[in-house]
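Undergrad:
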Amino acid sequence: QLHTFLDFFQNYIGSRTTYYVVHNIILPLTEPYKLSYAEVAGPSQSQSRWFVSHYWGTPLAHLVASVERHAQDFPEKHPYWICTFSNNQWAVSEELGETYHESSFYQALRSCGTLGTVMVFDEEAMPLTR
């Protein structure tokens, strides 16, 4: 679904960042429902198996290419949990919870089906600065 999203919106996204995508594509698409993009687009066929950590200031095309490269190493296709798409951008405070145990990030990382974390780096290793 990630590659399909990028292909469909490529003319709008170009080399823009995840910040742009969230504010100009994901939020307008999900506004009538006030749900996450993943909920609006439809459930994947199984539980997410890989947690993706990335920096929103990186171009979305880089994120997609990195996830696709990671997926090539595995014969079976497994869904990826990416906050941009999995979190309800209309209810970020609820997604974060009051404690880290309540956060969607923690829950995705600690899910019994999660195989591991994919960290998407840019040239400045920005995911490590947060």
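The numbering of the sequence shown is the working numbering, which starts it at 205 and goes up by one. Ideal Cβ placement from N, Cα and C applies to all residues, glycine included. Computed from a prediction, not measured in an experiment: that's the story for all the values here.
#1: To which residues of the same chain is Ile230 closer than 8 angstroms at the C-beta, ignoring the five residues directly before and after it?
#2: How would you call Ser219, buried or exposed, if buried means at least 16 neighbouring beta carbons within 10 angstroms?
#3: Quick check: the Cα distance between Val226 and Asn215, rounded to an integer number of angstroms?
#4: Using alpha carbons as the reference points, say which of Thr303, His266 and Leu210 lies closest to Phe325.
#5: Between the alpha carbons of Tyr304 and Gln251, how many angstroms are there, rounded?
#6: Identify the residues that DSSP records as bridge partners of Thr353: which are they?
#7: How would you label Leu264, buried or exposed, when you count the other beta carbons within 10 angstroms and need 16 or more for buried?
#8: For Val296, does the three-state DSSP call read helix, strand or coil?
#9: Please state whether the Cβ-Cβ distance between Ser308 and Asn291 is less than 8 angstroms.
#10: In the DSSP output, which residue or residues are listed as bridge partners for Phe325?
TA: On the basis of the data shown:
#1: Counted from its first residue, the sequence shown places residue 230 at position 26. For Ile230, the CB contacts under 8 angstroms within the same chain, skipping 5 residues up- and downstream, are Tyr241, Thr288, Phe289 and Gln293 in chain order.
#2: Translated into positions along the sequence shown, residue 219 becomes position 15. Exposed, because fewer than 16 other Cβ atoms sit within 10 Å of the Cβ of Ser219.
#3: Residue mapping note: residue 226 aligns to position 22 of the sequence shown, counting from 1. Residue mapping note: residue 215 aligns to position 11 of the sequence shown, counting from 1. When rounded, the separation of the alpha-carbon atoms in Val226 and Asn215 is 15 angstroms.
#4: As a working note, residue 325 is residue 121 in the sequence shown. Comparing Cα positions, the closest option is His266.
#5: Counting from one through the sequence shown, the residue named residue 304 turns up at place 100. Counting from one through the sequence shown, the residue named residue 251 turns up at place 47. Whole-angstrom Cα-Cα distance: 21 angstroms.
#6: In the structure displayed, the chain extends from 205 to 334; residue 353 sits before or after that span and is not available.
#7: For the purposes of this step, residue 264 is taken as residue 60 along the sequence shown, with counting starting at 1. With 16 or more other Cβ atoms within 10 Å, it is buried.
#8: Indexing the sequence shown from 1 puts residue 296 at position 92. Of the three classes helix, strand and coil, the one that applies to Val296 here is helix, per DSSP.
#9: Locating residue 308 in the sequence shown gives position 104, where the first residue counts as 1. Locating residue 291 in the sequence shown gives position 87, where the first residue counts as 1. In contact: Ser308 and Asn291 (Cβ atoms closer than 8 angstroms).
#10: For the purposes of this step, residue 325 is identified with residue 121 of the sequence shown, where counting begins at 1. According to DSSP, Phe325 bridges with nothing at all.
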